[in-house]
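Contents: one structure, followed by commentary.
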Amino acid sequence: MLDKVKELIGDVQTFQATTKEEVEAFRIKYLGSKGLLKGLFAEFRNVDAEFKKDFGQALNNLRNAAEGKVAELNEALESAVEEKGVYGDLTRPSEPIELGSRHPISIVKNQIIEVFNRIGFTVSEGPEVEDDWHNFTALNLPEYHPARDMQDTFFIEKNPDTLLRTHTSSVQVRYMEQNEPPIRTISPGRVFRNEDISARAHCIFHQVEGLYIDTDVSFADLKQVLLYFTKEMFGKSKIRLRPSYFPFTEPSAEVDIYWGLETETDYRITKGTGWLEIMGCGMVDPNVLKNCNIDPTKYSGYAFGMGIERIAMLLYQIPDIRMFYENDVRFLEQFKSVL
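Listed below in C-alpha coordinates is the structure:
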(Lines of atoms letter the chains of each structure in order from A and count residues from 1; the text may use other names and numbers.)
(Lines give C-alpha, C1' and ligand atoms only; values in the text may rest on other atoms or scores of the structure.)
Protein backbone atom coordinates (compact mmCIF):
# COMPACT_ATOMS: atom_id res chain seq x y z
CA MET A 1 0.00 0.00 0.00
CA LEU A 2 2.85 2.40 0.82
CA ASP A 3 4.41 1.71 -2.57
CA LYS A 4 1.09 2.54 -4.23
CA VAL A 5 0.98 5.94 -2.48
CA LYS A 6 4.57 6.73 -3.52
CA GLU A 7 3.69 5.82 -7.09
CA LEU A 8 0.70 8.20 -7.00
CA ILE A 9 2.96 10.99 -5.69
CA GLY A 10 5.22 10.48 -8.70
CA ASP A 11 2.21 10.61 -11.05
CA VAL A 12 1.06 13.88 -9.44
CA GLN A 13 4.47 15.49 -9.78
CA THR A 14 4.75 14.66 -13.49
CA PHE A 15 1.18 15.59 -14.39
CA GLN A 16 0.71 18.42 -16.90
CA ALA A 17 -2.42 20.12 -18.26
CA THR A 18 -3.22 22.59 -21.04
CA THR A 19 -6.83 23.43 -20.11
CA LYS A 20 -8.72 24.26 -16.96
CA GLU A 21 -10.98 21.28 -17.60
CA GLU A 22 -8.01 18.92 -17.35
CA VAL A 23 -6.93 20.54 -14.09
CA GLU A 24 -10.42 20.21 -12.66
CA ALA A 25 -10.58 16.54 -13.65
CA PHE A 26 -7.23 15.98 -11.95
CA ARG A 27 -8.46 17.72 -8.80
CA ILE A 28 -11.61 15.60 -8.66
CA LYS A 29 -9.60 12.42 -9.23
CA TYR A 30 -7.30 13.05 -6.28
CA LEU A 31 -9.00 15.56 -3.99
CA GLY A 32 -12.72 15.13 -4.71
CA SER A 33 -15.22 13.73 -2.22
CA LYS A 34 -14.93 10.36 -3.97
CA GLY A 35 -11.28 10.75 -4.99
CA LEU A 36 -8.26 8.57 -4.41
CA LEU A 37 -7.18 10.40 -1.25
CA LYS A 38 -10.59 9.89 0.34
CA GLY A 39 -10.33 6.15 -0.21
CA LEU A 40 -6.74 5.92 0.98
CA PHE A 41 -7.51 7.77 4.19
CA ALA A 42 -10.39 5.34 4.75
CA GLU A 43 -7.96 2.40 4.40
CA PHE A 44 -5.60 4.05 6.90
CA ARG A 45 -7.64 2.57 9.73
CA ASN A 46 -6.77 -0.95 8.58
CA VAL A 47 -3.01 -0.40 8.40
CA ASP A 48 -0.89 -2.17 10.98
CA ALA A 49 0.24 0.05 13.84
CA GLU A 50 3.92 -0.26 12.96
CA PHE A 51 3.27 1.14 9.44
CA LYS A 52 0.77 3.87 10.39
CA LYS A 53 3.40 6.59 10.82
CA ASP A 54 5.04 6.07 7.40
CA PHE A 55 1.71 5.53 5.69
CA GLY A 56 0.15 8.64 7.26
CA GLN A 57 3.16 10.76 6.30
CA ALA A 58 2.99 9.45 2.72
CA LEU A 59 -0.74 10.30 2.51
CA ASN A 60 -0.05 13.86 3.70
CA ASN A 61 2.72 14.21 1.10
CA LEU A 62 0.32 13.00 -1.59
CA ARG A 63 -2.36 15.48 -0.54
CA ASN A 64 0.12 18.40 -0.41
CA ALA A 65 1.54 17.43 -3.79
CA ALA A 66 -1.94 17.26 -5.36
CA GLU A 67 -3.06 20.61 -3.89
CA GLY A 68 0.20 22.27 -4.93
CA LYS A 69 -0.06 20.90 -8.47
CA VAL A 70 -3.64 22.19 -8.85
CA ALA A 71 -2.63 25.68 -7.64
CA GLU A 72 0.46 25.70 -9.88
CA LEU A 73 -1.43 24.69 -13.02
CA ASN A 74 -4.31 27.12 -12.40
CA GLU A 75 -1.87 30.02 -11.91
CA ALA A 76 0.03 29.10 -15.08
CA LEU A 77 -3.16 28.90 -17.14
CA GLU A 78 -4.48 32.22 -15.76
CA SER A 79 -1.18 33.95 -16.50
CA ALA A 80 -1.27 32.64 -20.06
CA VAL A 81 -4.84 33.89 -20.55
CA GLU A 82 -3.99 37.30 -19.08
CA GLU A 83 -0.90 37.69 -21.25
CA LYS A 84 -2.88 36.75 -24.34
CA GLY A 85 -5.56 39.29 -23.41
CA VAL A 86 -3.07 42.11 -22.95
CA TYR A 87 -1.13 41.61 -26.13
CA GLY A 88 -3.84 39.99 -28.24
CA ASP A 89 -6.52 42.71 -28.02
CA LEU A 90 -5.00 46.17 -28.00
CA THR A 91 -8.44 47.80 -28.48
CA ARG A 92 -9.75 46.73 -25.10
CA PRO A 93 -10.47 49.56 -22.59
CA SER A 94 -7.63 50.51 -20.30
CA GLU A 95 -7.76 50.30 -16.53
CA PRO A 96 -9.28 53.44 -14.98
CA ILE A 97 -6.62 55.85 -13.70
CA GLU A 98 -7.27 57.34 -10.27
CA LEU A 99 -6.99 61.13 -10.53
CA GLY A 100 -4.87 62.84 -7.91
CA SER A 101 -5.10 66.37 -6.59
CA ARG A 102 -2.83 69.18 -5.50
CA HIS A 103 -2.04 69.52 -1.83
CA PRO A 104 -4.00 72.37 -0.20
CA ILE A 105 -0.74 74.15 0.65
CA SER A 106 0.29 74.03 -3.02
CA ILE A 107 -3.16 75.27 -4.07
CA VAL A 108 -3.00 78.30 -1.76
CA LYS A 109 0.65 79.01 -2.59
CA ASN A 110 -0.15 79.09 -6.31
CA GLN A 111 -3.11 81.39 -5.69
CA ILE A 112 -0.91 83.82 -3.74
CA ILE A 113 1.76 83.76 -6.45
CA GLU A 114 -0.85 84.43 -9.11
CA VAL A 115 -2.23 87.44 -7.25
CA PHE A 116 1.19 89.06 -6.90
CA ASN A 117 2.26 88.11 -10.43
CA ARG A 118 -0.55 90.28 -11.75
CA ILE A 119 1.08 93.38 -10.21
CA GLY A 120 4.62 92.62 -11.36
CA PHE A 121 6.14 90.53 -8.56
CA THR A 122 8.54 87.81 -9.68
CA VAL A 123 9.22 84.59 -7.75
CA SER A 124 12.61 84.01 -6.10
CA GLU A 125 13.86 80.91 -4.29
CA GLY A 126 16.81 80.05 -2.09
CA PRO A 127 18.34 77.22 -0.04
CA GLU A 128 16.59 75.75 2.99
CA VAL A 129 19.96 75.19 4.71
CA GLU A 130 21.30 78.65 5.45
CA ASP A 131 24.22 80.43 7.09
CA ASP A 132 23.96 82.91 9.94
CA TRP A 133 24.57 85.96 7.75
CA HIS A 134 21.63 85.47 5.38
CA ASN A 135 19.21 84.20 8.02
CA PHE A 136 20.00 86.63 10.85
CA THR A 137 22.88 89.13 10.69
CA ALA A 138 22.09 90.75 7.33
CA LEU A 139 18.49 91.21 8.52
CA ASN A 140 19.56 93.49 11.37
CA LEU A 141 19.76 90.60 13.83
CA PRO A 142 23.39 90.59 14.99
CA GLU A 143 24.72 87.93 17.34
CA TYR A 144 23.15 88.04 20.83
CA HIS A 145 20.30 90.25 19.58
CA PRO A 146 17.29 89.43 21.82
CA ALA A 147 14.95 89.19 18.81
CA ARG A 148 16.72 85.97 17.78
CA ASP A 149 14.89 84.28 20.64
CA MET A 150 11.64 84.82 18.73
CA GLN A 151 12.77 82.22 16.20
CA ASP A 152 13.72 78.92 17.85
CA THR A 153 16.26 77.51 15.43
CA PHE A 154 17.43 74.11 14.22
CA PHE A 155 21.23 74.43 14.07
CA ILE A 156 23.03 71.87 11.92
CA GLU A 157 26.55 72.83 12.97
CA LYS A 158 28.43 75.58 14.78
CA ASN A 159 31.57 77.58 13.89
CA PRO A 160 30.42 78.63 11.39
CA ASP A 161 26.73 78.52 12.19
CA THR A 162 24.71 76.50 9.69
CA LEU A 163 20.98 76.15 10.24
CA LEU A 164 17.60 75.38 8.74
CA ARG A 165 16.17 78.73 7.68
CA THR A 166 13.59 80.18 10.05
CA HIS A 167 11.98 82.43 7.41
CA THR A 168 12.23 83.10 3.68
CA SER A 169 13.63 86.58 4.39
CA SER A 170 17.01 84.93 3.76
CA VAL A 171 15.97 84.59 0.11
CA GLN A 172 15.29 88.32 -0.01
CA VAL A 173 18.81 89.02 1.26
CA ARG A 174 20.31 86.81 -1.44
CA TYR A 175 18.14 88.47 -4.07
CA MET A 176 19.18 91.98 -3.02
CA GLU A 177 22.85 90.93 -3.07
CA GLN A 178 22.54 89.68 -6.65
CA ASN A 179 20.17 92.27 -8.14
CA GLU A 180 20.04 96.03 -8.31
CA PRO A 181 16.85 98.06 -7.63
CA PRO A 182 14.11 98.28 -8.67
CA ILE A 183 13.31 94.95 -6.98
CA ARG A 184 9.82 93.47 -6.82
CA THR A 185 9.81 89.81 -5.73
CA ILE A 186 8.02 87.27 -3.56
CA SER A 187 9.75 84.32 -1.89
CA PRO A 188 7.59 81.27 -1.19
CA GLY A 189 9.11 78.29 0.58
CA ARG A 190 9.35 75.93 3.52
CA VAL A 191 10.82 77.09 6.83
CA PHE A 192 11.70 75.38 10.11
CA ARG A 193 11.43 76.37 13.77
CA ASN A 194 12.00 74.33 16.89
CA GLU A 195 8.47 74.64 18.23
CA ASP A 196 6.16 72.27 20.06
CA ILE A 197 3.73 70.66 17.61
CA SER A 198 0.06 71.40 18.29
CA ALA A 199 -3.17 72.11 16.44
CA ARG A 200 -1.96 75.67 15.71
CA ALA A 201 1.84 75.29 15.43
CA HIS A 202 4.33 72.99 13.73
CA CYS A 203 8.09 72.70 13.40
CA ILE A 204 7.68 72.85 9.60
CA PHE A 205 5.53 75.40 7.79
CA HIS A 206 5.46 77.50 4.62
CA GLN A 207 5.79 81.23 4.07
CA VAL A 208 5.42 83.73 1.27
CA GLU A 209 7.41 86.90 1.81
CA GLY A 210 7.35 89.93 -0.47
CA LEU A 211 9.88 92.68 -1.12
CA TYR A 212 9.72 95.91 -3.09
CA ILE A 213 12.75 98.24 -3.36
CA ASP A 214 12.77 101.41 -5.47
CA THR A 215 13.04 105.17 -5.17
CA ASP A 216 10.34 107.05 -3.26
CA VAL A 217 8.58 103.95 -1.92
CA SER A 218 6.22 104.84 0.93
CA PHE A 219 4.07 103.13 3.54
CA ALA A 220 1.05 104.18 1.48
CA ASP A 221 2.33 102.01 -1.39
CA LEU A 222 2.56 99.07 1.00
CA LYS A 223 -0.96 99.58 2.27
CA GLN A 224 -2.40 99.67 -1.25
CA VAL A 225 -0.66 96.42 -2.20
CA LEU A 226 -1.95 94.73 0.96
CA LEU A 227 -5.49 95.98 0.30
CA TYR A 228 -5.31 94.64 -3.25
CA PHE A 229 -4.08 91.25 -2.02
CA THR A 230 -6.78 90.84 0.63
CA LYS A 231 -9.53 91.72 -1.84
CA GLU A 232 -8.21 89.27 -4.44
CA MET A 233 -7.45 86.45 -2.00
CA PHE A 234 -10.27 86.68 0.52
CA GLY A 235 -12.82 88.99 -1.06
CA LYS A 236 -12.41 91.25 1.98
CA SER A 237 -11.99 95.00 1.42
CA LYS A 238 -11.46 96.18 4.98
CA ILE A 239 -8.03 95.94 6.62
CA ARG A 240 -6.22 97.54 9.54
CA LEU A 241 -2.53 97.85 10.40
CA ARG A 242 -1.48 97.56 14.05
CA PRO A 243 1.98 98.79 15.14
CA SER A 244 4.34 95.90 15.84
CA TYR A 245 8.05 95.07 15.95
CA PHE A 246 10.24 93.25 13.44
CA PRO A 247 14.02 93.79 13.50
CA PHE A 248 14.30 94.03 9.70
CA THR A 249 11.52 96.62 9.15
CA GLU A 250 10.86 100.05 10.65
CA PRO A 251 8.08 101.02 11.07
CA SER A 252 6.45 97.60 11.32
CA ALA A 253 2.83 96.47 11.52
CA GLU A 254 0.56 93.46 11.81
CA VAL A 255 -2.12 93.24 9.12
CA ASP A 256 -5.69 92.32 10.10
CA ILE A 257 -8.67 91.83 7.83
CA TYR A 258 -12.28 92.20 8.89
CA TRP A 259 -13.52 88.62 8.58
CA GLY A 260 -17.01 89.32 9.87
CA LEU A 261 -19.26 87.70 12.48
CA GLU A 262 -21.83 85.84 10.40
CA THR A 263 -21.32 82.29 11.67
CA GLU A 264 -20.31 80.50 14.83
CA THR A 265 -16.98 79.69 13.18
CA ASP A 266 -16.38 83.42 12.56
CA TYR A 267 -16.82 84.10 16.27
CA ARG A 268 -14.41 81.29 17.14
CA ILE A 269 -11.54 82.15 14.78
CA THR A 270 -11.75 85.91 15.43
CA LYS A 271 -12.38 85.53 19.19
CA GLY A 272 -15.56 87.51 18.82
CA THR A 273 -13.92 90.63 17.36
CA GLY A 274 -14.50 90.03 13.66
CA TRP A 275 -10.83 90.90 12.98
CA LEU A 276 -8.25 88.33 11.96
CA GLU A 277 -4.45 88.69 11.73
CA ILE A 278 -3.04 87.40 8.43
CA MET A 279 0.53 88.76 8.07
CA GLY A 280 3.28 91.10 9.21
CA CYS A 281 4.79 93.94 7.20
CA GLY A 282 6.82 97.14 7.33
CA MET A 283 9.30 99.43 5.62
CA VAL A 284 12.69 97.82 5.08
CA ASP A 285 15.16 98.95 7.74
CA PRO A 286 18.04 101.05 6.29
CA ASN A 287 20.56 98.73 7.98
CA VAL A 288 19.23 95.82 5.91
CA LEU A 289 19.69 97.83 2.70
CA LYS A 290 23.27 98.71 3.74
CA ASN A 291 24.08 95.05 4.48
CA CYS A 292 22.93 94.17 0.96
CA ASN A 293 24.97 96.98 -0.67
CA ILE A 294 21.93 99.13 -1.49
CA ASP A 295 22.16 102.88 -0.79
CA PRO A 296 19.42 103.70 1.81
CA THR A 297 19.71 107.41 1.02
CA LYS A 298 18.57 106.71 -2.54
CA TYR A 299 16.30 103.70 -2.19
CA SER A 300 13.54 102.61 0.17
CA GLY A 301 11.20 99.70 0.21
CA TYR A 302 8.66 97.58 2.00
CA ALA A 303 8.43 93.91 2.94
CA PHE A 304 5.65 91.60 4.10
CA GLY A 305 5.32 87.97 5.07
CA MET A 306 2.50 85.48 5.64
CA GLY A 307 2.10 81.83 6.57
CA ILE A 308 0.55 79.68 3.85
CA GLU A 309 -0.86 77.13 6.32
CA ARG A 310 -2.69 79.85 8.23
CA ILE A 311 -4.33 81.17 5.07
CA ALA A 312 -5.24 77.64 3.91
CA MET A 313 -6.81 76.93 7.31
CA LEU A 314 -8.92 80.07 6.96
CA LEU A 315 -10.01 79.44 3.38
CA TYR A 316 -10.91 75.77 3.89
CA GLN A 317 -11.88 75.88 7.59
CA ILE A 318 -9.22 73.31 8.55
CA PRO A 319 -9.10 73.03 12.36
CA ASP A 320 -5.68 71.41 12.86
CA ILE A 321 -2.38 72.31 11.14
CA ARG A 322 -1.12 68.74 11.62
CA MET A 323 -3.60 67.52 9.02
CA PHE A 324 -1.43 69.06 6.29
CA TYR A 325 1.45 66.67 7.08
CA GLU A 326 -0.27 63.38 7.96
CA ASN A 327 -0.71 62.25 4.32
CA ASP A 328 -4.24 61.03 5.04
CA VAL A 329 -5.73 60.31 1.61
CA ARG A 330 -9.24 60.95 2.92
CA PHE A 331 -8.20 64.51 3.80
CA LEU A 332 -6.34 65.15 0.55
CA GLU A 333 -9.14 63.80 -1.67
CA GLN A 334 -11.37 66.67 -0.56
CA PHE A 335 -9.33 69.05 -2.73
CA LYS A 336 -9.72 67.24 -6.06
CA SER A 337 -12.29 69.73 -7.29
CA VAL A 338 -10.35 72.85 -6.28
CA LEU A 339 -7.68 72.89 -9.01
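Residue numbers (this note's numbering): 11 to 349. Where is the CB? At the ideal position from N, CA and C, for every residue including glycine. Just so it is clear, the structure is predicted and the values come from calculations on it, not from any experiment.
- No Cβ-Cβ contact shorter than 8 Å links K308 with V218.
- Look at D162 here: in three-state DSSP terms it is coil, with no helix or strand label.
- Runs of the beta strand (DSSP E) lying entirely within the stretch 234-309, each at least 3 residues long, are 249-256, 259-268, 285-294 in chain order.
- The C-beta of D206 has fewer than 16 other C-beta atoms within 10 Å across all chains shown, which makes the residue exposed.
- The alpha carbon of W269 has as its nearest neighbour, out of V294, G290, K241, the alpha carbon of K241.
- Where I193 is concerned, the enclosing beta strand (DSSP E) starts and stops at 193-202.
- Under DSSP, E167 shares a beta bridge with T172.
- Within its own chain, the residues whose Cβ lies closer than 6 Å to the Cβ of I321, once the five positions on either side in sequence are excluded, are V118, listed in chain order.
- Within the DSSP bridge table, the entry for F229 names no partner.
- For I214, no alpha helix (DSSP H) segment is defined; the enclosing uninterrupted segment is the beta strand (DSSP E) at 214-224.
- Non-local beta-carbon contacts of C302 in its own chain, meaning distances under 7 Å to residues more than five positions away in sequence, involve A148, V183, M186, E187 in chain order.
- In the three-state reduction of the DSSP assignment, V57 falls in the coil class.
- Taking C-beta atoms as the reference points, P198 and F334 fail to come closer than 8 Å.
- In the three-state DSSP reduction, E205 falls in the coil class, being neither helix nor strand.
- Shortest Cα-Cα distance from K168 to any of S180, L151, E140, R194 involves E140.
- Runs of the beta strand (DSSP E) lying entirely within the stretch 74-126, each at least 3 residues long, are absent.
- For G66 and N84, the gap between their C-alpha atoms comes out near 27 Å.
- Per DSSP, the continuous alpha helix (DSSP H) segment holding D142 begins and ends at 142-145.
- Closest in alpha carbon position to E319, among A211, C291, H177, is A211.
- Taking each of E153, E88, G136 in turn and checking the Cα distance to W143, the smallest one comes out for E153.
- Going by DSSP, Y40 is part of the alpha helix (DSSP H) stretching over 30-41.
- For the 8 Å CB-CB criterion, L251 and I267 do not form a contact.
- Excluding the 5 residues flanking it on each side, H177 has same chain C-beta neighbours closer than 8 Å at N145, Q161, V201, Q217, E219, G315, in chain order.
- Excluding the 5 residues flanking it on each side, P329 has same chain C-beta neighbours closer than 8 Å at A209, M323, in chain order.
- In this structure I129 touches Y238 by the C-beta definition: roughly 7 Å separates them, less than 8 Å.
- With contacts defined by Cβ atoms closer than 8 Å, Y222 and I249 do not form a contacting pair.
- With a threshold of 16 other beta carbon atoms within 10 Å, G311 meets it and is buried.
- Residue environment analysis places L18 among the buried positions, since at least 16 neighbouring C-beta atoms fall within 10 angstroms of its C-beta.
- Around the beta-carbon of N204, fewer than 16 other beta-carbon atoms lie within 10 Å, marking it exposed.
- Linking K16 to L72 through their CA atoms gives a straight-line distance of about 8 Å.
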